Amino acid sequence: MPDHPGDRERGKESGRQWAPEGAKQPELDQLRDMYEQQGLGPADLPTRGSDRCYVIAQEIGAPDAGTPDVATWPTLSSEWEGNDDATWRAGFVEGALDLHEGRIET
């Protein structure tokens, strides 16, 4: 049975480590832009931060599509290689954006 909460937490931790240590600034900027765009839906349909991160992870590279495009995501693609779990990837995005630190509004 999948351990989705555990996968998400492991992804978050990986994202938190990647953002300050391995990410290139354009990758972080792109993640932030994608996150903000996810919140531009109809006003009567609020979107939770974790849902937005899941959608972003799918847009970057759905697990069945393999590793994200290296040209667009040079360091993220290597971090995601071998981590094909959608929940882990969503957690990674959330950790990279550091949602729980208040840097990005949820």
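The sequence shown begins at 3 in the working numbering and counts up by one.
A virtual CB, placed ideally from N, CA and C, is assigned to each residue, including glycine.
Keep in mind the model is a prediction, meaning the values are calculated, not measured.
Query, Result
"Three-way DSSP call (helix, strand, coil) for residue 20 in this model", "helix"
"Entirely enclosed alpha helix (DSSP H) segments - the region 25-85, minimum 4 residues", "27-40, 51-63 and 78-82"
"Neighbour-count burial assignment, residue 41, 16 or more Cβ in a 10 Å radius", "exposed"
"The region 23-32 contacting the region 59-78, beta-carbon criterion three pairs below 8 Å", "yes"
"Within 8 Å, strictly: CB atoms of residue 81 and residue 20", "yes"
"Simplified DSSP assignment, three categories, for residue 9", "helix"
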